[in-house]
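Going by this note's numbering, the first residue of the sequence shown is number 6, and it counts up by one from there. We put the beta carbon where it would ideally sit given N, CA and C, even for glycine. Each remark here refers to the structure printed beneath this line.
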Amino acid sequence: MTTTEWNLARNQWLGVSEESVQADSRIYEAMRNFWHPVMFADDLGSEPAQAMLCGEQLAIVRLDDEVRAYKDLCAHRGTALSLGSVVENNGCQELRCAYHGWQYDCEGRLTAIPQRPDLVGKIRARVQTYHAVERYGFIWVCMAEEPHFPMAEFPQFDNPEYHAMPMKTVDWRCTSPRRVENYLDLGHFAFVHDGYLGDIDHPEVPDHAVWREGHVLRIEQLEPNKEPVNTKFESDIDDSEIDYQEGSDEAYTMSDQEWWVTMPLTVLLHQTLPGDRHYYLFFHPTPISPDTIRNFTVHARNYGDPDKIDEEVLDFCRTVYAQDKPIVEAQRPDALHRDLSYELHLQDVDTVSMQYRLWLSELVEELVVDA
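What follows is the structure, given as C-alpha cells:
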C-alpha cells in the first residue's frame with residue numbers, strides 16, 4: 006500500500022478528500038530533501054544504533070570519528086545493519102552485518118564476503134547511504150542527493166557564555182508542518198496555555214511582522230511579550246521585571262520575542278529579557294513516519310544557576326508540550342492544506358501561518374514531481 010493509499014484509508018471516515026491526502030503525501034515526500042535530527046549524539050556509542058526518518062529505518066554509526074547513516078538493510082538477506090558491529094579493514098573502520106559478516110565501507114560499498122572472498126568486487130552490491138553530521142548535540146540526516154537548504158544556525162549551543170540544555174524527545178501522532186504551525190501560532194496561547202504563555206482574559210494577538218530572509222522565515226513581535234508571572238521561573242525573577250495589568254493586580258513578566266524558521270521545520274525562538282539576558286529554544290519536529298513526529302528540543306540561556314532553574318525550565322516546556330499535544334493530534338486533515346481557501350484565516354491573527362503555508366507549498370511544487 007502506498008503512502009497515499011494508506012492516508013486515504015485512514016482519513017476516509019473523516020470525509021477528507023483524495024486531494025487533501027495527495028497534498029499530505031507530497032508534503033511528506035518533500036521532507037526527504039532537508040536536514041532532520043534523528044537521535045541525540047550522546048546516545049550513539051561505539052556500535053551502530055537504529056533511527057527512523059520519513060518511514061525508513063536507518064543504521065547510524067561512527068566510522069573513523071565520522072558519523073555515517075545507512076539504510077538499515079544488508080544487501081544479502083535484509084538483516085538490520087544496526088545489529089552489526091564496527092570492524093577494522095585495511096586501516097579503516099567499516100560496518101559489519103551481524104548475520105553473515107558482510108562488510109561495508111563508509112560509502113556503502115561491499116568490501117568483504119567471509120564465505121566467498123573471491124566474489125568481492127565481482128558482485129554489484131552496496132547499501133544506500135545518506136548525508137549525516139553531528140551538530141548541536143544531535144545526529145542529523147538528509148535523505149536527498151543534496152540538501153535543498155543548509156542546516157539551521159544555532160551558535161548559542163557552542164557559545165561558552167550560554168548554558169545549553171537538551172530536552173527528552175517526545176513523539177506525537179501528527180505531521181511535522183502541523184506541529185510547526187502550532188508552535189508559531191500566536192492566537193492559541195490565551196486558550197491552550199492560559200496561565201503559562203497567555204491569559205484567557207486577554208486573547209489579543211500582539212502586533213508582529215513576517216518576512217523571508219534567504220531560506221529563513223522571520224517573525225518579530227513588535228510589542229513586548231507578556232507572560233503570567235505566577236508560572237514563570239520564580240527562582241529567577243525580581244520585582245523589576247514584573248509589570249501589572251492596568252486597573253488590576255494581574256502580574257506579568259515582559260520580554261521581546263522573535264523567531265527564525267529555517268524552512269521547512271527548524272524553529273529558533275529568541276527571548277530578550279531585562280538585564281541583557283537571552284533565552285533561546287531550538288526546536289525541530291522530525292517526521293519519523295507519515296503520521297508520527299519526534300520533537301527534538303534544546304534550550305540555551307546566558308543567565309541563571311543551572312542547579313536552580315534547569316528543572317523549572319524543562320517542567321515548564323513539558324507542560325506546554327502536553328497542553329498542545331491533544332490539540333494538534335486532533336486536527337484534520339493531518340497535513341496542512343496547501344489550498345488556503347480550504348480553511349478560514351483571520352487578518353493579523355493567522356499571518357504567520359499563511360506565510361508559512363505559502364512557502365511550504367512553493368517548496369513542494371519545486372521538489373516533488375507528480376506521478
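- A Cβ-Cβ contact shorter than 8 Å links F154 with H220.
- Taking C-beta separations shorter than 6 Å and ignoring five residues to either side along the sequence, the partners of V369 in its chain run R31, I32 and A35, following chain order.
- Distance from the Cα of D296 is smallest, within the candidate group R183, E218, E71 and A46, for R183.
- Separation of A54 and Q276 (C-alpha to C-alpha, rounded to the nearest whole angstrom) is 35 Å.
- Here T324 carries a helix assignment [DSSP, helix/strand/coil].
- Using a Cβ-Cβ distance cut-off of 8 Å, the segment 73–91 and the segment 109–124 are in contact, since at least three pairs of beta carbons, one from each stretch, lie closer than that value.
- Leaving aside the five residues that flank A46 on each side, the residues in its chain whose CB is nearer than 7 Å to its CB run, in chain order, E139, G142, F143 and I144.
- By DSSP's assignment, F154 forms no beta bridge with any residue.
- When only Cα atoms are considered, A103 and K173 end up about 30 Å apart.
- Under DSSP, V215 shares a beta bridge with I224.
- When DSSP states are grouped into helix, strand and coil, V333 belongs to the helix group.
- C-alpha of Q336 to C-alpha of H168: approximately 35 Å in a straight line.
- Excluding the 5 residues flanking it on each side, H350 has same chain C-beta neighbours closer than 8 Å at S358 and M359, in chain order.
- Taking 8 Å as the upper bound for CB-CB distance, N300 and Y326 are in contact here, some 7 Å apart.
- In terms of Cβ geometry, L286 and L270 do not form a close pair [threshold 8 Å].
- A straight-line Cα-Cα distance of about 14 Å links G113 and N94.
- With respect to Y361, E186 sits close: the two C-beta atoms are nearer than 8 Å.
- Ranked by Cα distance from Y135, the options G126, I128 and E151 are led by E151.
- L115 is bridged by DSSP to Y109.
- Per the DSSP secondary-structure output, A169 pairs in a beta bridge with A305.
- Here the alpha carbons of D310 and D70 stand approximately 34 Å from one another.
- Counting every other CB atom within 10 Å of its CB across the protein chains shown gives I314 a total of 16 or more, marking it as buried.
- Under the three-state reduction of DSSP output, Y135 falls in the strand class.
- Contact check for C179 and D339: beta-carbon distance about 7 Å, within the 8 Å limit, so the pair qualifies.
- Rounded to the nearest whole angstrom, the CA to CA distance from G60 to P292 is 8 Å.
- Y201 sits in coil when the DSSP states are folded into three classes, being neither helix nor strand.
- Non-local C-beta neighbours of Q133 in its own chain, meaning closer than 6 Å and more than five positions away in sequence, comprise K76, ordered along the chain.
- With fewer than 16 other Cβ atoms from the protein chains shown falling within 10 Å of its own Cβ, Q120 counts as exposed.
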